[in-house]
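Chemist: Quick one: structure below, then a few questions.
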Amino acid sequence: DAVVGFVNPKPAKIEEGKYIKWCLPAIEPTGKLEVTFELAGLDKGDFDENDLYVEGINPEYVIGADKWEGD
């Protein structure tokens with residue numbers, strides 16, 4: 001199983017093996033915000049894709065995101 005290592009910006013919550021949750025500030029329509037994370041304990045090829053969910057914003061405004069339906 002993967003272990004979450006370095007995460008930037010600091011997340012609001014980490015649910016090991018499930019998700020990392022951030023509460024991010026608003027950005028300008030033409031702006032961008034970089035979010036990075038590191039997973040340790042994986043072999044090459046074990047992690048090649050991630051799911052991106054948003055809450056409180058239309059997912060159409062975030063490329064590749066779906067609406068968050070979790071807790």
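Note that the sequence shown covers residues 1 to 71 in the working numbering. Glycine included, C-beta positions come from ideal geometry on N, C-alpha and C. Source: prediction; values computed, not measured.
#1: Can you tell me whether E49 is helix, strand or coil according to DSSP?
#2: Quick check: the Cα distance between P29 and G56, rounded to an integer number of angstroms?
#3: In angstroms with no decimal places, state the Cα-to-Cα distance between D66 and N50.
#4: In whole angstroms, what is the alpha-carbon distance linking V3 and G41?
#5: Let me make sure I understand the geometry here. Which of V35, E69, G5 has the alpha-carbon closest to that of C23?
Modeler: By the coordinates alone:
#1: coil
#2: Spanning the two alpha carbons is a distance of roughly 15 Å.
#3: 12 Å
#4: 6 Å
#5: V35
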